[in-house]
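In our numbering, the protein residues as written are 469 to 513.
By construction, the Cβ of each residue, glycine as well, lies at the ideal position given by its N, Cα and C atoms.
Source: prediction; values computed, not measured.
Scroll down for the structure; my scribbles are underneath it.
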């Protein structure tokens, strides 16, 4: 499903899918130094 609902043509579907795949791959490969150390909420109330 997913992309097949948006693109009837197989080649267009592959092109769109490869853009998503490439973006995710590069993020997973290159974003290893990215930090998500957000401040924790105060638990004292």
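Straight-line gap, residue i to residue j (C-alpha atoms, nearest Å)
i	j	result
residue 471	residue 511	43 Å
residue 505	residue 489	26 Å
residue 501	residue 495	11 Å
residue 487	residue 508	35 Å
residue 497	residue 477	30 Å
residue 503	residue 491	19 Å
Contact under 8 Å by Cβ, residue i with residue j
i	j	result
residue 484	residue 475	yes
Continuous alpha helix (DSSP H) stretch holding residue i: start and end
i	result
residue 480	478–498
residue 473	471–474
Beta-carbon proximity list for residue i, same chain, < 8 Å, skipping 5 on both sides
i	result
residue 481	471, 472, 474, 475
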